[in-house]
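Heads up: the sequence shown begins at 39 in my numbering, then just goes up one per residue. Beta carbons: idealized from backbone N, C-alpha and C, even for Gly.
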Amino acid sequence: MPPRTTDSTPERPDDDHAPSTAPEPCAGDDAPAPPPAGVGEAEETASPPPAGEDEAEETADVGAEGEEEKKTEKEDKAEADSGQRVVAVRRAADGGRRWRALHLTGCAVLLAVAVTGGAIAVGGGQDRGAGVDAVSAAGALSPGDLARGDLDTGIASLQQHLRAQPRDFGSWATLGVAYVEQARTKGDPSRYPQAQRALKRSLGLEPGNDQALAGQAALAAARHDFPGALAHVDRALKQNPFNERALCTRIDALVELGRYDDAAKAADIADDRRPGIPVFTRYAYVRELRGDVRTAREVLERALNSAHAPADVAYVATALGQLAWNQGEYKTALDHYARALAADDAYLPALEGRARAQAASGERKAAVRGLEQVVARFPLPGPLVALGELYEDRGADGDRAKAGDQYALVDAWTALARAGGANTDLETALAAADHGDGKEALRAARAEWDRRHSVHTADALAWALHVNGRDEEALPYARRATATGYRNAAFLYHRGVIERATGDRREARAHLKAALDLNPGFSPLGAREARTALKDMEGNR
39 MPPRTTDSTP ERPDDDHAPS TAPEPCAGDD APAPPPAGVG EAEETASPPP
89 AGEDEAEETA DVGAEGEEEK KTEKEDKAEA DSGQRVVAVR RAADGGRRWR
139 ALHLTGCAVL LAVAVTGGAI AVGGGQDRGA GVDAVSAAGA LSPGDLARGD
189 LDTGIASLQQ HLRAQPRDFG SWATLGVAYV EQARTKGDPS RYPQAQRALK
239 RSLGLEPGND QALAGQAALA AARHDFPGAL AHVDRALKQN PFNERALCTR
289 IDALVELGRY DDAAKAADIA DDRRPGIPVF TRYAYVRELR GDVRTAREVL
339 ERALNSAHAP ADVAYVATAL GQLAWNQGEY KTALDHYARA LAADDAYLPA
389 LEGRARAQAA SGERKAAVRG LEQVVARFPL PGPLVALGEL YEDRGADGDR
439 AKAGDQYALV DAWTALARAG GANTDLETAL AAADHGDGKE ALRAARAEWD
489 RRHSVHTADA LAWALHVNGR DEEALPYARR ATATGYRNAA FLYHRGVIER
539 ATGDRREARA HLKAALDLNP GFSPLGAREA RTALKDMEGN R
């Protein structure tokens, strides 16, 4: 997005170091990056496509998106209790019938449909699930589009604009970033090469422009090349120290590399230069990773109070829901997700979060239906594994088969994401350790640990080592995963299981109990196994 440069740095309150909430948030600013997914390519060049080839491809993509929208319109998104919280358009329930008939071949087809459905080039249906992940565009993207978070509409507008003004380097940069966002939010890593070409085009027209350099940083981060992201950030901030996207990407990259002290300093700098919702949410996450849940919640609540655009409300309310869910506060989490969905009733992270909170609250049927609707649109690893575990927990042969389909689809996702240039080792390690090939989980976890030392990679490596029977080697990594104070029930559960395997029953009991006390519904299968292990140890005392 075009940078907002100022002659003076915004003042920080003298009494504390929490982020300021004085400025108005920018509609459509970027959000912390979840893992990429999917495939399906459209042409981004402004020149006419040769011989109608790409035009036909775009038409097919638009048609797929339209069909997906028609199906989505018919789905019943609201369950009885959540309907009391959210006033939204109800959809007729056909998701259950579709999923009862789904087998692995159908899963692969579904993935292709979801991917190509997200690959809109010009026109077509809008996907409101983009939410706050929409990006600002210079000139070609209207303020109304930004306020609604209509990423597809913005991309179509940019492409139309660039056909008329192909030398507009700023819009080429914005288009590149828009493709990055579309890859993240729609499960379509084929957008990454397109983003790379658009950003290269921008730099060819205007060498060293900070918009494109910041876009390159965002692209590298989305592909999990975090050292590369920092290198691009440094170049962008040298050109413009107030570039918001670069400031935010620096925080993201430092967090993902496990450099939490540096990330905290980067968040302070970003808040000095460009306070607003994108910075507030990152500041809160850095605090949460260091165990300061109270400050994280306060910052997010202040951010929500300053949010006006529906996309911003949906994003921040969802972040609050996730924070509450992590602490086992399910009713509070559901209230936050309800507020998010009242702002944007198709915002996928809120739909997924609501389903997880419903599952933890014992509303398993509602949770299954919610996750089925999420993965029917965009089959990403997190919700696929969550849905598979809910199926598996029900125990019937048919449900176990359906669970296997979800886990197999994760493998398909990782292959497609790698084809788009994304590193998927962390996702592979997490999914394979519990639901796949243990040796592949360990290979992926070791490879990821060689690249970055975050609490998430430490936990993934610890668990992969455990699955392979190497608990003495796993224990230092499990301890490192919990060393920052980050309150994560899955991390505590993994540490407790590993401690039990090494013979430290006292510490094992303490950490398994801590996991269940913190978030007793953190995982349908993990929570059950934690309770079983505790009961067994208590019986053998």
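In this structure, how does DSSP classify residue i when only helix, strand and coil are distinguished?
i      : result
Gln254 : helix
Asn364 : helix
Ala565 : helix
Leu418 : coil
Asn343 : helix
Glu576 : helix
Tyr524 : coil
Glu244 : coil
Gln197 : helix
Arg205 : coil
Glu62  : With a pLDDT of only 33 at Glu62, under 50, the local geometry of the prediction cannot be trusted, and the value read off the model is given with reservation. It is coil, neither helix nor strand.
Thr333 : helix
Gly192 : helix
His549 : helix
Asp350 : helix
Asp119 : Because the pLDDT at Asp119 is just 45, under 50, the model does not fix this residue reliably, and the value given afterwards should be weighed accordingly. DSSP places Asp119 in helix when its eight states are reduced to three.
Asp555 : helix
Arg229 : helix
Phe529 : helix
Arg261 : coil
Gly101 : Residue placement at Gly101 is flagged as unreliable, the pLDDT there being 38, under the threshold of 50; a coordinate-derived value is accordingly withheld.
Asp272 : helix
Thr212 : helix
Thr540 : coil
Gly433 : coil
Cys145 : The pLDDT assigned to Cys145 is 38, lower than 50, so where the model puts this residue is not dependable; a value taken from the coordinates is nonetheless given after this. Helix.
Can you tell me the Cβ-Cβ gap for residue i and residue j, rounded? I've got them flagged as a contact below 8 angstroms.
i      : j      : result
Arg377 : Ala355 : 4 angstroms
Leu513 : Thr495 : Contact doesn't hold; Cβ gap of about 16 angstroms is too wide.
Val448 : Pro421 : Their Cβ separation, rounded to whole angstroms, is 10 angstroms, which puts Val448 and Pro421 out of contact at 8 angstroms.
Tyr531 : Gly564 : 5 angstroms
Glu486 : Leu464 : 5 angstroms
Arg490 : Gly296 : 6 angstroms
Ala334 : Arg320 : The Cβ separation is near 11 angstroms, so there is no contact.
Ala304 : Ile289 : 5 angstroms
Leu338 : Ala357 : 5 angstroms
Pro245 : Ala455 : Contact flag wrong, Cβ pair sits at about 31 angstroms.
Could you tell me which of the options sits nearest to residue i, measuring between CA atoms?
i      : options                        : result
Thr462 : Trp363, Ser561, Ala498, Arg432 : Ala498
Leu237 : Gly474, Ala252, Arg312         : Ala252
Leu292 : Ala258, Arg481, Lys276         : Ala258
Lys224 : Ala260, Thr212, Pro204         : Ala260
Gln411 : Arg392, Gln249, Gly400, Ser399 : Arg392
Ile315 : Ala552, Ala302, Ala341         : Ala341
Pro231 : Asp443, Ala216, Arg518         : Ala216
Ile307 : Asp299, Tyr298, Glu294, Leu285 : Leu285
Arg525 : Leu554, Leu468, Glu537, Arg311 : Leu554
Pro279 : Gly266, Asn247, Asp300         : Asn247
Ala395 : Pro313, Gln197, Asp574, Thr370 : Thr370
Gly523 : Tyr298, Arg481, Leu243         : Tyr298
Ala388 : Glu401, Gly400, Asp373, Ser399 : Asp373
Ala347 : Tyr368, Val413, Asp382         : Asp382
Gln220 : Phe416, His262, Asn281         : Phe416
Ser399 : Asn557, Arg205, Ala274         : Asn557
Asp330 : Ala349, Ala302, Val317         : Ala302
Pro265 : Asp488, Phe529, Arg205, Arg508 : Asp488
Ala460 : Glu401, Gln277, His262         : His262
Leu572 : Gly559, Arg544, Ala405         : Arg544
Phe318 : Glu336, Ala467, Ala250         : Glu336
Leu275 : Gln249, Glu294, Arg235         : Gln249
Gln360 : Ala322, Phe207, Thr287, Asn343 : Ala322
Ala580 : Leu409, Ala528, Leu213, Arg547 : Residue 580 is absent from the model: the chain starts at 39 and stops at 579.
Could you tell me which whole alpha helix (DSSP H) segments of length 4 or greater appear in the segment 435-514? 435-457, 463-473, 476-489, 493-505
Start-end ranges of the alpha helix (DSSP H) lying completely within the segment 275-331, minimum 4 residues: Runs found: 282-294, 298-311, 315-327.
Which residue spans inside the segment 352-412 form an unbroken alpha helix (DSSP H) run of at least 4? You should have 368-381, 386-398.
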